């Protein structure tokens, strides 16, 4: 099971735009710094959360924990060819 580069590239580009480019286009005002900080923080945290979830699906720490009775039932329900 290999990694597909397309989702990583697309989401990396999206969150880079949100956190790296959009803060430059926030209109001047009293809360400009706050809005810029919110955009950058949102982009970083959402990207890290998504990346961790994506990587954990590719390389889980452990597989499903099944009892012997469950394995026997699954083996009878889905016989091997």
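Numbering (the working numbering), first residue to last: 894 to 974. For glycine and all other residues, C-beta sits at the position ideal for the given N, C-alpha and C. Treat the numbers as computed from the prediction; the structure is a model and nothing was measured.
Query - Nearest-angstrom beta carbon gap, residue 944 and residue 932 [assumed within contact, 8 Å] - result: About 18 Å; that fails the 8 Å criterion.
Report task. May I ask you to report which of helix, strand or coil DSSP gives residue 894? Result -> Reliability of the predicted coordinates at residue 894 is poor, the pLDDT of 47 falling under 50, and the value obtained from them is presented with this limitation in mind. In this structure, residue 894 counts as coil in the three-state DSSP scheme.
Query raised in the report: Which whole-angstrom value describes the C-beta separation of residue 919 and residue 928, a residue pair presumed to lie in contact below a C-beta threshold of 8 Å?
Result: 5 Å between Cβ atoms; contact.
Query raised in the report: Under three-state DSSP, which class holds residue 926?
Result: helix
Report task. Would you tell me roughly how many angstroms separate the C-alpha atoms of residue 898 and residue 909, rounded to the nearest one? Result -> 16 Å
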